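Participant:
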Amino acid sequence: MKLLDKYILKKFLSTFVFVVIIILAIVTVIDYTEKNDDFMEHNLTFLEILPYYGAFIPWIGNLITPITIFIAAVFVTSKMAGHTEIVAMLASGMSFRRLLVPYMMGAGLVAISSFYLNAYVIPDANKTRIAFETAYIKKPFYFTDRDIHLKIAPETYAYMESYNNQRDVGYRFTLEHIEDRNLKEKLSARRIEWDSAQSNWKIKDWTLRKFDGMEETFSEGKEMDTVLNITPKDFGNTYGLQETLTLTELNDYINLLRERGADNVKIYLIERYIRFMAPFAAIILTFIGVIVSSKKKRGGTGFQIALGFVIAFVFIIFFILSKAIAENSTMNPLLAVWLPNITFSLVGLFLYKFVPR
48 MKLLDKYILK KFLSTFVFVV IIILAIVTVI DYTEKNDDFM EHNLTFLEIL
98 PYYGAFIPWI GNLITPITIF IAAVFVTSKM AGHTEIVAML ASGMSFRRLL
148 VPYMMGAGLV AISSFYLNAY VIPDANKTRI AFETAYIKKP FYFTDRDIHL
198 KIAPETYAYM ESYNNQRDVG YRFTLEHIED RNLKEKLSAR RIEWDSAQSN
248 WKIKDWTLRK FDGMEETFSE GKEMDTVLNI TPKDFGNTYG LQETLTLTEL
298 NDYINLLRER GADNVKIYLI ERYIRFMAPF AAIILTFIGV IVSSKKKRGG
348 TGFQIALGFV IAFVFIIFFI LSKAIAENST MNPLLAVWLP NITFSLVGLF
398 LYKFVPR
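Residues 48 to 404 (the working numbering) make up the sequence shown, in order.
1. Hey, out of ALA236, HIS224, LEU230, whose CA is closest to SER209's CA?
2. Determine the extent of the beta strand (DSSP E) in which VAL216 is found, giving its start and end residues.
3. Along the beta strand (DSSP E) that carries ILE239, what are the first and last residues, could you check?
4. With C-beta atoms as the reference, is VAL406 less than 8 Å away from THR124?
5. So which of GLY260, ASP252, ASN284 has the shortest CA-CA distance to LYS269?
6. Compute the Euclidean distance between the alpha carbons of ALA138 and PHE86, then round it to the nearest angstrom.
7. Please state whether DSSP places LYS49 in a helix, a strand or coil.
8. Who are TRP253's beta bridge partners in DSSP?
9. Identify whether LYS198 lies in helix, strand or coil by the three-state DSSP scheme.
10. List the residues that DSSP assigns as beta-bridge partners of TYR210.
11. Which ranges would you report for the alpha helix (DSSP H) in the stretch 282-314 if only whole runs of at least 4 residues count?
12. Among the candidates ILE358, LEU386, VAL357, whose CA atom is the shortest distance from the CA of LYS370?
13. Would you call PRO187 buried or exposed, if buried means 16 or more other Cβ atoms sit within 10 Å of its Cβ?
14. Quick one: what's got a C-beta closer than 8 Å to GLY457's C-beta in the same chain, skipping five residues either side?
15. Alpha carbon to alpha carbon, what distance is there between LEU110 and ILE69?
16. Closer than 7 Å by C-beta to GLY155: which residues in its own chain qualify, once you throw out the five before and the five after it? Chain order, please.
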């Protein structure tokens, strides 16, 4: 690494850290102002609130990484262009591609760190944040789904007409065992209750039918203890659950949902795709940031910095729209999530044709 690379890399990373701190301070103050009424309503002390912000700050800091690194790239490059440093570098024989090297090194370092944090560190912190928001910010959760179908084993299917998550009771329960498309057993019950002391289910007022060819065996009873591959957590509040899972846990949970034939797999797939997409967004936006701010302007650096904020705003809007499309349309969620990166990559390559050589 040459002296010039160290000079640019140091300015770039230090500016990135500065921008992150400034934006985090602003966002934290705004968040506290919005939630202060909830804090006061629950009589929360500073020490009780502190762990929440200890988890909130790393989460929001990593979330805005693509935008903050883009702003840092624009700010550093526009300052260098304003001081005629970029012109001097290019006039000395350095190519623009070579000028990009320290920026890409810095963006790559930030991207790798961001991916690791988002995959394995921040999800654990999010457990504290989500639990706090569920307890003090959000309204009480009531499970309202009807006609619940679950695949709890390769050949076993469960059904409940409704479930009360306040009492951990399911109503109109059936459990069917099917082999080669033939029904072998069917257990029906008026209700099913979770026994927290024994960590199992109590089936009330049940009937059991077993089929062997044309023969049927019938039995019934008032109560039966059984262990099923479902727990009350499966009917609990899933607010922010995808953000509390490490990448390994997220992959395992997606496989579990697929085995059960669940309808909400897409939410967790989108979360997984975003964790891979965001680091690349940081690199792409750095590339664009250097390009749009590398030319010296007569009016100074103000216009370039303002342009950088506009592009960052457009990227945020594009990302929000693409995520909404991924969640609510039939479009492939992988393509929808990566659409901002694909689009801005093409924009960056187009702009690259017009940079000073």
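C-beta atoms are modelled at their ideal positions from N, C-alpha and C, and glycine is treated no differently.
Since this is a predicted model, take the numbers as computed values, not measurements.
Facilitator: Reading off the structure:
1. ALA236
2. 216-226
3. 229-242
4. Because the chain in this structure spans residues 48 to 404, residue 406 falls outside the shown range and cannot be described.
5. ASP252
6. 59 Å
7. coil
8. ALA236, GLY268
9. strand
10. GLY217
11. 294-307
12. LEU386
13. exposed
14. As displayed, the chain neither begins before 48 nor continues past 404, which places residue 457 out of reach and without an answer.
15. 15 Å
16. ILE330
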